[in-house]
Structures are given as C-alpha cells and as structure tokens.
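Student:
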Amino acid sequence: MKPGKTFANLTALATHLRAELENKKTIVLYAYNGTGKTRLSMAFKDIGKQGGANGEARDTLYFNAFTEDLFHWDNDLEGDSDRKLTLNADSRFFAGLAELEMDNRIRPLLQRYADFDFRIDTQEWAVRFSRTVNGEVIDNIKVSRGEENLFVWCFFLAVMRLAMDPEIEAYRWVKYVYIDDPISSLDEHNAVSVGNHLAQLLSKADNTLRVVISSHHPLFFNVMHNELDARKSKKVSAHFLSRSKTDGSYNLAYTGATPFFHHVAVLTDLYQAAHSGELYTYHFNMLRSVLEKSASFHGFSKFSACIPTDDADDPEGVLYARLINILSHGDYSLFEPVPMGDENKEHFKTILDGFLNRYPFNPDLFPQPAPAAGPAGTP
Numbered sequence: 001m002k003p004g005k006t007f008a009n010l011t012a013l014a015t016h017l018r019a020e021l022e023n024k025k026t027i028v029l030y031a032y033n034g035t036g037k038t039r040l041s042m043a044f045k046d047i048g049k050q051g052g053a054n055g056e057a058r059d060t061l062y063f064n065a066f067t068e069d070l071f072h073w074d075n076d077l078e079g080d081s082d083r084k085l086t087l088n089a090d091s092r093f094f095a096g097l098a099e100l101e102m103d104n105r106i107r108p109l110l111q112r113y114a115d116f117d118f119r120i121d122t123q124e125w126a127v128r129f130s131r132t133v134n135g136e137v138i139d140n141i142k143v144s145r146g147e148e149n150l151f152v153w154c155f156f157l158a159v160m161r162l163a164m165d166p167e168i169e170a171y172r173w174v175k176y177v178y179i180d181d182p183i184s185s186l187d188e189h190n191a192v193s194v195g196n197h198l199a200q201l202l203s204k205a206d207n208t209l210r211v212v213i214s215s216h217h218p219l220f221f222n223v224m225h226n227e228l229d230a231r232k233s234k235k236v237s238a239h240f241l242s243r244s245k246t247d248g249s250y251n252l253a254y255t256g257a258t259p260f261f262h263h264v265a266v267l268t269d270l271y272q273a274a275h276s277g278e279l280y281t282y283h284f285n286m287l288r289s290v291l292e293k294s295a296s297f298h299g300f301s302k303f304s305a306c307i308p309t310d311d312a313d314d315p316e317g318v319l320y321a322r323l324i325n326i327l328s329h330g331d332y333s334l335f336e337p338v339p340m341g342d343e344n345k346e347h348f349k350t351i352l353d354g355f356l357n358r359y360p361f362n363p364d365l366f367p368q369p370a371p372a373a374g375p376a377g378t379p
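The sequence shown runs 1 to 379 under the numbering used here.
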C-alpha cells in the first residue's frame, strides 16, 4: 500500500474526493468504525449545497445512518396489531413516492434478498409488511433489524436507479451518489450479494453519475473493488482511510492497482502501533482477527498455530494463545481507547514480530526502526 495524502479535516478530504471524481467514476474507501465515514459523507454532501439560494442547491444522493433514520417504527403499543414503518414526509428523498410507483420499483430488488412483502401507504406515509406462512398471509408483521435494513437499502437502490434515468425529473439534480456502509447488520452471504448486485448496477448503467462507497466491512470492500475493477477500465480507485490519534488529521492511502487485502492494512497499523508504543487494548482484537484468518488460510483449526515461539518453557505458544483469548474478548471501544499495560505491550510485540518473521510480507511495509546510538566514541 502506497504512502497516502494527509488532510487536516473532513471538508478538505471531501473536496479532494470531488476533484478525484473528475477523472474517476467510482471511489471505494475502507476505514475502521469510528474513523468518521458517516461525517465524511455529510461533508461531501454539504459541499454540493454551498452557494444555493434558499437552501435548494444539492447534488448528492446519499445513503448513510441519516438515511436509515428517515424510516421509523410505529409498533402500535396500544393495539399491538397495526405495526408499520413510518416515513419522514419532510425529506426530499421520498420525492415522487406516489407518482413513480416506488413499491413496484422496490419489490423486484427486495425479492433478491428476502421472503417478505410490503405495501406503501402514500396517504399515511407508512410501510406495512407481510409474510406468507404455509399458504397463509400474515399482515402487519414486525420484520427483523436485518430485514428492515434490506428494505431501506432496496428503497435507496430504487431511488438511485431513478437518478440514473435522465428522463426522471424528480431526481435529475443528482450528480454524485455517496454510499456509506449499506450492510452494517448483514451476514457475510448477504454482504457478498449486496456488493455484487450494487457493482452490477453501477457497471452496467450508462450514466454520468459519480459514486463514492465507504465501508468498515472488509469482505464488502473487496467485493466492490474486485467487481468494479474487473474490466480494468481505470475508472475505479480504492483507498484505505485512517485518522491520526495525535492531531486528528485524515490519511488517504491508495491501495494499488491490485485488489486490496484488509489484513495487510491491519498488519501495518498494528506494526506501527507496536513499534511506536501507542498500543491500546482493542489492538488485541485486531491481532486475533488477523491470526484467525491466517490460520484458516493455512488450513489450521486454531489461530494459535500461527503464533511462533522460541520460548523453551512455552514451545507451543500456549501462554500467548491464552493471552490473546482473554484480552480479545473485552468490551474495548475505539471511541474510548484504553492504553495497554507495559507487560502486555511486550507480549503483543513478541507475538506480532514472530508472526511477521514466520510469514513473509513486503518488507517495505514494515520498516525496521533505526538502532539506538551507542555511547560517544563507539562505532
């Protein structure tokens, strides 16, 4: 992964992304949770609103946590029967809800992922769900959170397809599409399905829209990059987005022309943290994830098989395996990081360095620190 560019704030980063989209059709970003992906999508959107009269200017159709908040459950606490998902009637996201027959545009998209049905009440601004069980239709059901997310996502896809159609007046203002983490509550199968489907829509569409996609999900990121870059059209760029804990700046590192591998980015981050001493308890969670994926790749059933050790008293690395087991199951937050103790820092560095020595990676990604200077007069 090549060295990246640094930006002082999200507005500067969003401005850079817009400039990059003058030559690219799609930008795919990977970033950990808590980096600021959602705030970046809003900064990107806000730039498009600048200079407009009466707040009418806009050029970005976006999907993020704010989009999901346009849908709100009414569980009918009194009657416990008329459960419905209400829509925010004040949002321009729902422009043309009745005229464009959105239900008929959403349904074929939803049927790719789910077995429930729905009906939109354009007078009440509500959606009611149903499911057929043993030939009987059960109305006004409460769908799961994952199913709800799929419905909202398919609603967005239907709107995006309208924005791709130059004949549709309601969404002709859309120049950019910004999609942030559409699969936060989906399993890996649906992550692949959603990514593949989205890539097909974007690749086949003959339109002038420019798209940014950001995610914390490595599998989804890889699917999007591989699918969109399959034609080698050089219209797609992929980046690893990180945020400095020191000054709050943002770094955008290009992942190269080859498909980006999440574990390489994680390892470089862990290596830098270990050798700078800025280790936090959540780094054990990240290390365990890398070890588990490596063990699976090499055909081992346990991640401990990827922990080399030269300790005569612990030849099989049992101590380190137990240490990772214990320290990777804590409730560690990226938002309130807890510094790692000195002893655990040493254990962490020993495990990581042993792993990197056993499994060769590009040494340019893991530069060895310069040796400490000796006493005056020594070579």
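Quick reminder that beta carbons are idealized off the backbone N, C-alpha and C, glycines included.
Which residue marks the beginning of the alpha helix (DSSP H) containing residue 159, and which one marks its end?
Tutor: For the purposes of this step, residue 159 is taken as residue 159 along the sequence shown, with counting starting at 1. Unbroken alpha helix (DSSP H) run through residue 159: 145-163.
Student: Between which two residues does the beta strand (DSSP E) holding residue 130 run?
Tutor: Against the sequence shown, residue 130 aligns to sequence position 130. First-last of the beta strand (DSSP E) with residue 130: 126-133.
Student: Just how far apart, CA to CA, sit residue 10 and residue 39?
Tutor: For the purposes of this step, residue 10 is taken as the residue at position 10 of the sequence shown. For the purposes of this step, residue 39 is taken as the residue at position 39 of the sequence shown. Looking at the two C-alpha atoms, the distance is approximately 8 Å.
Student: On the DSSP letters alone, give me the boundaries of the alpha helix (DSSP H) that residue 47 sits inside.
Tutor: Taking the sequence shown and counting its residues from 1, one reaches residue 47 at position 47. Per DSSP, residue 47 belongs to the alpha helix (DSSP H) from 37-47.
Student: Using the C-alpha atoms, what's the distance from residue 250 back to residue 12?
Tutor: By 1-based counting over the sequence shown, the position of residue 12 is 12. By 1-based counting over the sequence shown, the position of residue 250 is 250. If you take the alpha carbons of residue 12 and residue 250, they lie about 9 Å apart.
Student: In three-state DSSP terms, what is residue 26?
Tutor: If you number the sequence shown from 1, residue 26 lands on position 26. Note: residue 26 maps to strand in three-state DSSP.
Student: Look up residue 33 in the DSSP assignment and give the residues it is bridged to.
Tutor: Here residue 33 corresponds to residue number 33 of the sequence shown, with the count starting at 1. Looking at the DSSP assignment, residue 33 forms no beta bridge with any residue, so it has no partner.
Student: So, at 6 Å on beta carbons, what are the nonlocal neighbours of residue 150 in its own chain, with the 5 sequence-adjacent residues on each side left out?
Tutor: The residue labelled residue 150 in the question sits at position 150 within the sequence shown. These residues qualify, in order along the chain: 113 and 114.
Student: Quick check on the DSSP output: what are the complete alpha helix (DSSP H) runs of length 4 or more inside the segment 55-110, in order along the chain?
Tutor: Those alpha helix (DSSP H) runs which fall completely within the segment 55-110 and span 4+ residues are 65-68 and 102-110.
Student: Is it buried or exposed for residue 73, if we count other Cβ within 10 angstroms and need 16 for buried?
Tutor: Counting from one through the sequence shown, the residue named residue 73 turns up at place 73. Burial call: exposed.
Student: May I ask which residues mark the beginning and end of the alpha helix (DSSP H) holding residue 19?
Tutor: Sequence index remark: in the sequence shown, residue 19 carries index 19 (1-based). It spans 10-20 - the alpha helix (DSSP H) in which residue 19 sits, taken as one unbroken run.
Student: Would you mind working out which of 27, 22 and 18 sits nearest residue 254, comparing C-alpha positions?
Tutor: Here residue 254 is taken as the residue at index 254 of the sequence shown, counted from 1. The shortest Cα separation from residue 254 among 27, 22 and 18 belongs to 27.
Student: My understanding is that residue 41 touches residue 176, with C-beta atoms under 8 Å, so please give their C-beta distance in whole angstroms.
Tutor: By one-based count along the sequence shown, residue 41 stands at place 41. By one-based count along the sequence shown, residue 176 stands at place 176. In fact, because the Cβ distance is near 10 Å, the residues do not count as touching under 8 Å.
Student: Measuring CA to CA, which of 70, 214 and 279 is closest to residue 125?
Tutor: Here the question's residue 125 lines up with position 125 in the sequence shown. That would be 70, whose Cα lies nearest to the Cα of residue 125.
Student: Buried or exposed: residue 165, going by 16 or more other Cβ atoms within 10 Å of its Cβ?
Tutor: Taking the sequence shown and counting its residues from 1, the one referred to as residue 165 is at position 165. Exposed, since its Cβ has fewer than 16 Cβ neighbours within 10 Å.
Student: In whole angstroms, give me the CA-to-CA distance for residue 266 and residue 290.
Tutor: In the sequence shown, the residue the question calls residue 266 occupies position 266. In the sequence shown, the residue the question calls residue 290 occupies position 290. Approximately 8 Å between the Cα atoms of the pair.
Student: Return helix, strand or coil for residue 307, following the three-state DSSP convention.
Tutor: Here residue 307 refers to the residue found at position 307 of the sequence shown. Here residue 307 sits in coil by DSSP.
Student: Thinking C-beta only, is residue 228 closer than 8 Å to residue 202?
Tutor: Position 202 of the sequence shown, counted from the start, is the residue given in the question as residue 202. Position 228 of the sequence shown, counted from the start, is the residue given in the question as residue 228. Result yes, Cβ atoms of residue 202 and residue 228 sit closer than 8 Å.
Student: Measure the alpha-carbon distance for residue 258 versus residue 122 and round it to whole angstroms.
Tutor: In the sequence shown, residue 258 corresponds to position 258, counting from 1. In the sequence shown, residue 122 corresponds to position 122, counting from 1. Residue confidence is low: residue 258 scores 43 on pLDDT, short of 50, so the model does not pin down where it sits. No coordinate-derived value is stated.
Student: Among residues of its own chain, excluding the 5 on either side of residue 237, which ones have a beta-carbon nearer than 6 Å to its beta-carbon?
Tutor: For this step, residue 237 is matched to residue 237 along the sequence shown. So the qualifying residues of the chain are 24 and 27.
Student: Can you tell me where the alpha helix (DSSP H) with residue 350 in it begins and where it stops?
Tutor: For the purposes of this step, residue 350 is taken as the residue at position 350 of the sequence shown. 342-358 is the extent of the alpha helix (DSSP H) around residue 350.
Student: In three-state terms, what does DSSP make of residue 168?
Tutor: Looking up residue 168 in the sequence shown gives position 168. If DSSP states are grouped into helix, strand and coil, residue 168 belongs with coil.
Student: Could you tell me the boundaries of the alpha helix (DSSP H) in which residue 292 lies?
Tutor: The count along the sequence shown starts at 1 and reaches residue 292 at position 292. Looking at the DSSP string, the run of the alpha helix (DSSP H) that includes residue 292 is 282-297.
Student: With DSSP as the reference, label residue 6 as helix, strand or coil.
Tutor: In the sequence shown, counting from the first residue as 1, residue 6 sits at position 6. DSSP places residue 6 in strand when its eight states are reduced to three.
Student: Please check the pair residue 21 and residue 210, which I expect to be a contact at CB under 8 Å, by giving their CB distance rounded to whole angstroms.
Tutor: For the purposes of this step, residue 21 is taken as residue 21 along the sequence shown, with counting starting at 1. For the purposes of this step, residue 210 is taken as residue 210 along the sequence shown, with counting starting at 1. Yes, they are in contact, since the Cβ atoms of residue 21 and residue 210 sit about 4 Å apart, within 8 Å.
Student: Give the DSSP-derived three-state secondary structure of residue 141 in the structure shown.
Tutor: For the purposes of this step, residue 141 is taken as residue 141 along the sequence shown, with counting starting at 1. DSSP places residue 141 in coil when its eight states are reduced to three.
Student: Between residue 335 and residue 355, what straight-line distance do the alpha-carbon atoms span, to the nearest angstrom?
Tutor: Looking up residue 335 in the sequence shown gives position 335. Looking up residue 355 in the sequence shown gives position 355. At residue 335, the pLDDT of 36 sits below 50, so the modelled position is not reliable; the number obtained from the coordinates is stated separately. Whole-angstrom Cα-Cα distance: 28 Å.
Student: Put residue 279 into one of helix, strand or coil per three-state DSSP.
Tutor: Taking the sequence shown and counting its residues from 1, one reaches residue 279 at position 279. Coil at residue 279, not helix or strand.
Student: Taking the alpha carbon of residue 152 as the reference point, which residue from 63, 358, 325 and 37 has its own alpha carbon closest?
Tutor: Taking the sequence shown and counting its residues from 1, the one referred to as residue 152 is at position 152. Checked all of 63, 358, 325 and 37; the closest Cα to residue 152 is 63.
Student: Expressed to the nearest angstrom, what Euclidean distance is found between the alpha-carbon atoms of residue 137 and residue 81?
Tutor: Locating residue 137 in the sequence shown gives position 137, counting from the first residue. Locating residue 81 in the sequence shown gives position 81, counting from the first residue. Their Cα atoms are separated by approximately 15 Å.
Student: Any idea if residue 294 is buried or exposed, counting beta-carbon neighbours within 10 angstroms, 16 or more meaning buried?
Tutor: The count along the sequence shown starts at 1 and reaches residue 294 at position 294. Flag for residue 294 reads buried.
Student: Alpha carbon to alpha carbon, how far is residue 77 from residue 46?
Tutor: By 1-based counting over the sequence shown, the position of residue 77 is 77. By 1-based counting over the sequence shown, the position of residue 46 is 46. Spanning the two alpha carbons is a distance of roughly 38 Å.
Student: Who does residue 362 pair with in a DSSP beta bridge?
Tutor: Translated into the one-based positions of the sequence shown, residue 362 becomes position 362. None; residue 362 has no bridge partner.
Student: So, with DSSP's three-state summary, where would you put residue 210?
Tutor: Looking up residue 210 in the sequence shown gives position 210. Here residue 210 sits in strand by DSSP.
Student: Select from 140, 117, 96 and 108 the residue whose C-alpha is nearest the C-alpha of residue 83.
Tutor: Stepping through the sequence shown from its first residue, residue 83 is reached at position 83. Taking only the C-alpha atoms, the option nearest residue 83 is 140.
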